[in-house]
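*Asks:* Please find one structure pasted underneath; my questions will follow.
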Amino acid sequence: MKIGTPTEVFEGERRVAMTPDSAAQLQKLGHTCLIQSGAGLASGFDDAAYANAGVEVVKTAAALWREADVVAKVRAPDTAEMKKLREGQTLISFFSPVADEAKMKAAAKKGATVVAMEMIPRISRAQKMDALSSMANIAGYRAVIEAGNNFGRFFTGQITAAGKVPPAKVLVIGAGVAGLAAIGTSTSLGAITLAFDVRPEVAEQVESMGAEFVYLDFEEEQTDGAATGGYASVSSPEFREAQLAKFRELAPEVDIVICTALIPNREAPELWTEDMVAAMKPGSVIVDLAAEKGGNCKQTVMDEKIVTENGVTIIGYTDFPSRMGTQASTLYATNIRHLMTDLTPEKDGQIDHNMEDDVIRGATIAHASAVTFPPPPPKVAAIAAQPKKPAAKELTPEEKKAAELAAFKAQTKNQVMLLGIGGALLLLVGLVAPASFMQHFIVFVLSVFIGFQVIWGVAHSLHTPLMAITNAISSIIILGALMQIGSGSGLVILLAALSVFMCGINIFGGFLVTRRMLAMFQKS
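Sequential numbering of the sequence shown, starting at 29, is according to the working numbering.
Next up, the structure:
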């Protein structure tokens, strides 16, 4: 099959759906690759790079659409491109089947197959093809960079001879892929980062990245992410009011707001209202990644940057991934390549469009002269549902005291039993062993007992450099081995040499572990 990528006709689009590297991988599947001349220039890939990768460079878009069996694009096709689509041809691109319903029906009527990249189901097996996540990751990163470009201070706090610079305070609304990317970038730049999401299960992810999760003083059973494909769900009016009240409280404090909240196939919910913008400090920045769907801030102007009367900059660009064309093209082309790997299971250059496959069926919106959107839910849940943890029963003071007493009695009983068994064994050995042996044996047994009690009683969290040094010092037993190594008995010399060897490992190992653990706390 011939896989072709035309130049993107959408104004300002810098991405390309095929890179020289992805083309090389597609050829290993048995396919032939075509590229329109100049299609990759905006992303840093010239025609010579494609030619060196074995890709056929086609001069015009019309020739490419005519020759290619599979057309891979980034943006949804425009009216002129839809006219070039023919029967039996496969189109792979972002498509927006809800907004472009007429185009979807026209493709089905022509007998073409359309695979919409934003419809890839969010299941574990499909992560490598999830173009939405790939692009959202770039958008979240770029949003923070754009905010920093329009913010008048450092992100990190500084104390200099010229004065003190406070750290910027960043609020990220929505902790999906874009939100987490924004959080990671913001914290790495040194800002105090706050994050909010309606899904409580993401709080741990947010906090693990060094940000502070914003909790609401509101009790409501939230929908588990597993039920919504990992996306947020619509909240109740009461929850929304509590959410807006919290944002109004934070508005005067934060310097930068990154809005990423979107619900699939819906208008973006308004989360940052006009009065919140008015409450922000002059010089503050809002970056609205939901601008294409109406914006989380209704003052956002799509594809523009505006400054409000009180000096707040609102950025509504919708081309954040395209602004990093090389990186975005590399990731998107890899998503396409993985999809083609699933579509070519035999690696023989022939596409097998298996509609029983969850991923292929979920992403296909037109096939065999029929509209196949919306797809059925995947057989495998998007993410594992969080198990409900039973609430721990609160014990009364009397019950706590009784439990502690029972535990103490059980521990005492075990210790007495072990001591009794040990004493009985010593008596049995004493009946047959000489007195000189028993003196050394008793010292040995008591040493083992004391050592066991000391080491076993230390919690794992206390195994610090101090414990490593203690291990080294505890190997003073090497002195006894050194005293015996000059003995005339071959067996004693062998045992003493083994003792020196093992104690040496303990000594040197203890100090090496200490050195490594202390190095973990050094910046250099």
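Note that CB positions come from ideal geometry on N, CA and C, so glycine has one too. Quick caveat, the model's predicted, so the values are computed rather than measured.
(1) Can you tell me which of the three DSSP states S121 falls into?
(2) In the DSSP assignment, the alpha helix (DSSP H) including D75 goes from what residue to what residue?
(3) Just to confirm the assignment, what range does the beta strand (DSSP E) spanning L199 have?
(4) Straight-line CA distance for S50 to D97?
(5) Pop quiz: A438 and I148 are said to be a contact at Cβ under 8 Å. What is the actual Cβ separation, rounded to whole angstroms?
(6) Alpha carbon to alpha carbon, how far is I120 from I31? Give it in angstroms, no decimals.
(7) Find out if the Cβ-Cβ distance for the pair R294, K326 is shorter than 9 Å.
(8) Excluding sequence positions up to five away, which residues of its chain have a Cβ less than 6 Å from the Cβ of M308?
(9) Using a Cβ distance threshold of 8 Å, determine whether the segment 180–187 contacts the segment 196–214, with at least three qualifying pairs required.
(10) Inspect the beta-carbon positions of S162 and E146 and report whether they are closer than 9 Å.
(11) What do you reckon, are the CB atoms on G532 and S71 nearer than 9 Å?
(12) Return helix, strand or coil for I31, following the three-state DSSP convention.
(13) With H, G and I counted as helix, E and B as strand and the rest as coil, what does DSSP make of A254?
(14) Could you have a look at G212 and say whether DSSP puts it in helix, strand or coil?
(15) Going straight from the alpha carbon of A434 to that of Q512, what length do you get?
(16) What distance in whole Å lies between the Cβ atoms of E95 and L62, which are believed to be in contact at a cut-off of 8 Å?
(17) For a test of the three-state rule: what should DSSP assign to G538, helix, strand or coil?
(18) Beta-carbon separation of F73 and V99 under 9 Å?
(19) Return helix, strand or coil for V86, following the three-state DSSP convention.
(20) Measure the C-alpha to C-alpha separation of L160 and S350 and round it to an integer number of angstroms.
(21) Mind checking who F224 pairs with in its DSSP beta bridge?
(22) Let me know if V315 comes out buried or exposed under the rule of 16 or more other beta-carbons within 10 Å of its beta-carbon.
(23) Do V143 and I393 have their beta-carbon atoms positioned less than 9 Å apart in this structure?
(24) Helix, strand or coil for I513? Go by DSSP, reduced to three states.
(25) Which term fits F529, buried or exposed, when burial requires 16 or more other beta carbons within 10 angstroms of its beta carbon?
(26) For E240, write down the residues that DSSP places opposite it in a beta bridge.
(27) At what residues does the alpha helix (DSSP H) containing G450 begin and finish?
(28) Can you pull the DSSP bridge partners for T141?
(29) Roughly how many angstroms separate the alpha carbons of T400 and G204, rounded to a whole number?
(30) How big is the Cα-Cα spacing for N534 and R543?
(31) When DSSP labels each residue in this structure, what does L523 get in the three-state scheme?
(32) Hey, how far is the Cα of P34 from the Cα of E232?
(33) Quick one: is I59 buried, meaning 16 or more other Cβ sit within 10 Å of its Cβ, or exposed?
(34) What does DSSP give as the partner residue(s) for D316 in the beta ladder?
(35) Using only the alpha-carbon positions, how far apart do I9 and S263 sit?
(36) Alpha carbon to alpha carbon, what distance is there between F536 and Q467?
*Replies:* According to the data block:
(1) Reduced to three states, the DSSP call for S121 is strand.
(2) Start and end: D75 to N80.
(3) Where L199 is concerned, the enclosing beta strand (DSSP E) starts and stops at K197 to I201.
(4) When rounded, the distance between both Cα atoms is 17 Å.
(5) Wrong, their Cβ atoms sit about 56 Å apart, outside the cutoff.
(6) About 10 Å.
(7) No, Cβ-Cβ distance for R294 and K326 is not below 9 Å.
(8) Answer for M308: A279 and V340, listed in chain order.
(9) They touch, by the three-pair rule.
(10) Contact flag unset, no.
(11) Their beta carbons are not under 9 Å apart, which means G532 does not touch S71 by this criterion.
(12) I31 sits in a strand when the DSSP states are folded into three classes.
(13) Low local confidence applies: a pLDDT of 48 at A254 is under 50, so the model's placement there is unreliable, and no value is given.
(14) In the structure shown, G212 sits in a helix (DSSP, three-state: H, G or I).
(15) Taking the straight line joining both Cα atoms gives about 49 Å.
(16) Confirmed, about 6 Å.
(17) Helix at G538.
(18) No, they are not a contact pair.
(19) Three-state DSSP puts V86 in a strand.
(20) Annotation: L160 to S350 spans about 13 Å, alpha carbon to alpha carbon.
(21) Paired residue(s): I201.
(22) Note on V315: 16 or more other CB atoms within 10 angstroms of its CB, so buried under the neighbour-count rule.
(23) Yes. Within cutoff.
(24) Reduced to three states, the DSSP call for I513 is coil.
(25) With fewer than 16 other beta carbons inside 10 angstroms of its own, F529 counts as exposed.
(26) Residue pairing by DSSP places E240 opposite L222 in a beta bridge.
(27) From DSSP, the alpha helix (DSSP H) with G450 extends over P425 to V460.
(28) Answer is T118, bridged to T141.
(29) Each residue's alpha carbon lies about 28 Å from the other.
(30) Their backbone Cα atoms lie some 14 Å apart in a straight line.
(31) In the three-state reduction of the DSSP assignment, L523 falls in the helix class.
(32) Taking the straight line joining both Cα atoms gives about 43 Å.
(33) Here residue 59 turns out to be His, not Ile, going by the sequence shown. H59 is buried by the Cβ-count criterion.
(34) Per DSSP, the beta-bridge partners of D316 are C287.
(35) Outside the displayed span of the chain (29 to 552) sits residue 9, for which this structure offers no information.
(36) If you take the alpha carbons of Q467 and F536, they lie about 31 Å apart.
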